[in-house]
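Count along the sequence shown starting at 1, add 10, and that's the number in the numbering used here.
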Amino acid sequence: MNILVLNGSPKGELSVTLQYVAYLQKTFARHTFKIEHIAQRIKRLERDKAAFDAILADVRAADLVLWATPVYYFLVPGQVKRFIELVNERGATEAFAGRYAAVITTSIHFFDHIAHNYLAGICEDWGMHFYGGHSAEMKDLLDEAGRAQLLRFAEGLFAAVEQAAVTPANYAPVIPHELAYVPGPARATANLPGLTLSPGRELRPLIIADGLDRSPNLARMVARLAASFDRPVEVVDLAAVDIKAGCLGCLKCGLDNECQFEGKDDFTTLFRDRVMTADILFFAGDIRDRYLSARWKTFFDRSFFRGHAPSLTGKQLAWIVAGSFQQLPNLRQFMEAYTEMHGANMLGIVSDEYANSAQIDALLDDLAIRGVTWTASSYQKPVSFLGVGGHKLFRDRIWSDLRFVFQADHRRYVANGSYDFPQSQIGLRVTNLFVPVIRLPSIRKQFVPRITEASVQPFKRVVEAA
Numbered sequence: 011m012n013i014l015v016l017n018g019s020p021k022g023e024l025s026v027t028l029q030y031v032a033y034l035q036k037t038f039a040r041h042t043f044k045i046e047h048i049a050q051r052i053k054r055l056e057r058d059k060a061a062f063d064a065i066l067a068d069v070r071a072a073d074l075v076l077w078a079t080p081v082y083y084f085l086v087p088g089q090v091k092r093f094i095e096l097v098n099e100r101g102a103t104e105a106f107a108g109r110y111a112a113v114i115t116t117s118i119h120f121f122d123h124i125a126h127n128y129l130a131g132i133c134e135d136w137g138m139h140f141y142g143g144h145s146a147e148m149k150d151l152l153d154e155a156g157r158a159q160l161l162r163f164a165e166g167l168f169a170a171v172e173q174a175a176v177t178p179a180n181y182a183p184v185i186p187h188e189l190a191y192v193p194g195p196a197r198a199t200a201n202l203p204g205l206t207l208s209p210g211r212e213l214r215p216l217i218i219a220d221g222l223d224r225s226p227n228l229a230r231m232v233a234r235l236a237a238s239f240d241r242p243v244e245v246v247d248l249a250a251v252d253i254k255a256g257c258l259g260c261l262k263c264g265l266d267n268e269c270q271f272e273g274k275d276d277f278t279t280l281f282r283d284r285v286m287t288a289d290i291l292f293f294a295g296d297i298r299d300r301y302l303s304a305r306w307k308t309f310f311d312r313s314f315f316r317g318h319a320p321s322l323t324g325k326q327l328a329w330i331v332a333g334s335f336q337q338l339p340n341l342r343q344f345m346e347a348y349t350e351m352h353g354a355n356m357l358g359i360v361s362d363e364y365a366n367s368a369q370i371d372a373l374l375d376d377l378a379i380r381g382v383t384w385t386a387s388s389y390q391k392p393v394s395f396l397g398v399g400g401h402k403l404f405r406d407r408i409w410s411d412l413r414f415v416f417q418a419d420h421r422r423y424v425a426n427g428s429y430d431f432p433q434s435q436i437g438l439r440v441t442n443l444f445v446p447v448i449r450l451p452s453i454r455k456q457f458v459p460r461i462t463e464a465s466v467q468p469f470k471r472v473v474e475a476a
């Protein structure tokens with residue numbers, strides 16, 4: 011069997027994920043593996059069509075296309091996202107059609123399902139037979155049980171390809187939305203006079219966008235949103251920002267939150283001086299391949315120089331989308347999780363998928379009004395499972411095996427009280443000492459009938475005192 015491995019790590023041969031492929035290569039020596047470093051070579055693939063066409067030739071010769079990639083910021087690295095865009099832009103999906111596909115990722119299981127769902131949808135869009143994915147914890151290969159699970163996955167995968175097995179279709183094709191958005195008269199509905207933040211600083215909204223040159227709807231939505239405020243709103247077009255490259259995964263930022271590209275391009279200045287100092291953020295983009303653009307993905311990846319600690323705490327954040335967003339729940343979950351994990355408050359998501367332009371105008375006005383109102387009242391929605399689960403995963407790993415590399419995270423976690431382990435709550439520990447007593451038959455007989463009533467009493471007292 012001919013297996014083409016699309017290596018999605020910017021580190022090329024030094025990729026941890028690629029070691030999982032190397033293990034399979036040695037174990038299943040009867041198969042032929044060919045590795046293409048699509049992330050590490052993405053700049054060349056953009057400018058050198060011959061190099062890109064050589065990969066397409068490898069795809070056509072393959073029985074199986076195996077995506078091997080780390081999970082960066084909820085998804086594949088921005089370089090892989092760009093490769094996928096190139097395939098679509100150059101009409102090259104026919105090379106992939108009819109081939110079997112599968113995914114191997116490595117991560118700490120931080121929203122790795124979003125990356126797997128995304129690649130599955132892309133493969134199905136390209137007419138491939140998508141077998142499934144193996145989401146390994148980074149160190150699974152070092153463990154006998156982890157190696158055994160990897161081999162079982164590979165055995166099933168290779169057998170399915172050899173037997174031409176039928177694979178399920180999990181994602182319907184994305185149907186384009188055809189409304190041409192024509193905004194109504196601009197109205198400054200979000201009034202800021204007199205609203206200041208300590209120490210006397212005026213509230214600052216900021217719109218960051220990519221796709222303004224591709225999507226007329228997006229450009230008009232951004233302009234209409236800006237007009238909802240009673241003063242000029244800064245709009246940053248990512249296409250005009252000097253961003254040399256995507257995240258390299260070098261982990262230099264782990265020590266002191268300093269990026270490898272510090273001073274070499276404009277990204278860290280943009281993020282520190284404009285994004286982190288804004289009060290209301292609007293992230294705007296057009297749908298490209300079941301996600302936003304590769305440039306947006308690069309923006310998210312590069313913001314990892316801030317580490318695993320929230321960077322947008324207390325801010326209001328909304329998303330403006332042109333395209334068939336409502337058909338992409340995977341993308342919605344990313345946006346919700348990103349917002350919560352950064353400590354921001356989700357204002358909402360507005361797309362251009364409505365019956366008429368007046369509805370979009372009203373939704374954009376409402377976003378602006380709520381942004382101002384909730385900033386003034388410091389309103390923050392309760393965090394959902396997305397934020398709670400993500401925080402606890404980061405907390406435990408930074409405290410334990412990742413602390414050695416991510417020392418800046420550790421310092422911030424200590425300073426911010428993010429190490430909120432339940433065992434540090436002395437009151438709970440004392441209360442739990444009495445758990446064995448409750449199991450005594452005589453006490454249990456009295457405890458069980460009263461537990462429901464007793465549990466609601468503290469809440470009733472709060473209500474009565476209101």
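Backbone N, C-alpha and C fix where the C-beta goes; we use that ideal spot for every residue, glycine too.
Smallest Cα separation from residue i: which of the options?
| i | options | result |
| --- | --- | --- |
| Asp122 | Asp266, Ser145, Phe310 | Ser145 |
| His195 | Phe84, Pro320, Val184, Ser238 | One point to set straight first is that residue 195 is Pro, not His, in the sequence displayed. Among Phe84, Pro320, Val184, Ser238, the Cα nearest to that of Pro195 is on Ser238. |
| Arg234 | Asp362, Met11, Phe344, Val458 | Asp362 |
| Arg342 | Arg413, Leu302, Asp430, His352 | Leu302 |
| Arg40 | Leu96, Ala169, Pro87, Asp153 | Ala169 |
| Val251 | His420, Thr115, Phe281, Tyr389 | Phe281 |
| Leu96 | Ile52, Tyr141, Asp153 | Ile52 |
| Leu248 | Thr287, Lys307, Ala236 | Lys307 |
| Ile65 | Ala288, Phe469, Asp135, Val15 | Val15 |
| Ser388 | Val86, Ala219, Pro446, Thr323 | Thr323 |
| Gly381 | Ala368, Ala365, Met356 | Met356 |
Can you tell me which of the three DSSP states residue i falls into?
| i | result |
| --- | --- |
| Gly166 | helix |
| Glu478 | Because the chain here runs from 11 to 476, residue 478 falls outside it and cannot be looked at. |
| Lys149 | coil |
| Asp240 | coil |
| Val26 | helix |
| Tyr82 | strand |
| Tyr301 | strand |
| Ile253 | coil |
| Thr462 | helix |
| His187 | coil |
| Gln390 | coil |
| Trp409 | helix |
Where residue i and residue j are concerned, what is the direct C-alpha to C-alpha distance, given to the nearest angstrom?
| i | j | result |
| --- | --- | --- |
| Glu23 | His139 | 27 Å |
| Ser313 | Leu374 | 27 Å |
| Val18 | Ala78 | Looking at the sequence provided, one finds Gly at residue 18 rather than Val. Between Gly18 and Ala78, the C-alpha separation is close to 6 Å. |
| Asn227 | Tyr191 | 5 Å |
| Gly317 | Ala418 | 8 Å |
| Val360 | Ile370 | 8 Å |
| Asn127 | Ala179 | 12 Å |
| Phe62 | Glu56 | 8 Å |
| Ile48 | Asp275 | 23 Å |
| Ile45 | Ala32 | 10 Å |
| Thr27 | Asn426 | 33 Å |
| Leu76 | Phe38 | 14 Å |
| Gly156 | Glu147 | 9 Å |
| Leu189 | Arg298 | 17 Å |
| Tyr30 | Glu154 | 13 Å |
| Asn340 | Ile124 | 6 Å |
| Ala112 | Glu99 | 23 Å |
| Pro183 | Glu212 | 45 Å |
| Ala236 | Arg284 | 16 Å |
| Asn12 | Lys36 | 15 Å |
| Thr177 | Val81 | 24 Å |
| Met345 | Leu338 | 11 Å |
| Glu244 | Pro215 | 7 Å |
| Thr287 | Ala219 | 17 Å |
| Pro446 | Ala164 | 47 Å |
| Thr42 | Asp73 | 10 Å |
| Leu450 | Val466 | 24 Å |
| Pro432 | Leu438 | 8 Å |
Give the DSSP bridge partners of residue i, in chain order.
| i | result |
| --- | --- |
| Phe356 | For the sequence presented, residue 356 should be read as Met rather than Phe. Bridge partners of Met356: Leu327. |
| Trp77 | Leu16, Val113 |
| Thr42 | Asn12 |
| Glu99 | Its beta-bridge partners do not exist; DSSP assigns none. |
| Val245 | Ile217 |
| Pro142 | According to the sequence provided, residue 142 is Gly. The question's Pro does not apply to it. Its beta-bridge partners are Ala112. |
| Asp296 | Ala332 |
| Ser361 | Val331 |
| Ile290 | Pro215, Gln326 |
I'd like to know if residue i contacts chain C, where contact means its C-beta is closer than 9 Å to some C-beta of that chain.
| i | result |
| --- | --- |
| Gln50 | You won't find chain C in this structure, because it holds only one protein chain. |
inquiry  = Does the segment 97-106 come into contact with the segment 328-348, if we say contact requires no fewer than three beta-carbon pairs (one atom in each stretch) closer than 8 Å?
reply    = no
message = Using 8 Å as the cut-off, can you tell me whether the segment 255-264 makes contact with the segment 282-296, which would need three or more C-beta pairs spanning the two stretches below that distance?
response = no
message = Three or more C-beta pairs under 8 Å: does that hold for the segment 83-96 against the segment 244-259?
response = yes
query = Using 8 Å as the Cβ pair cut-off and three pairs as the minimum, do the segment 386-401 and the segment 336-352 touch?
reply = yes
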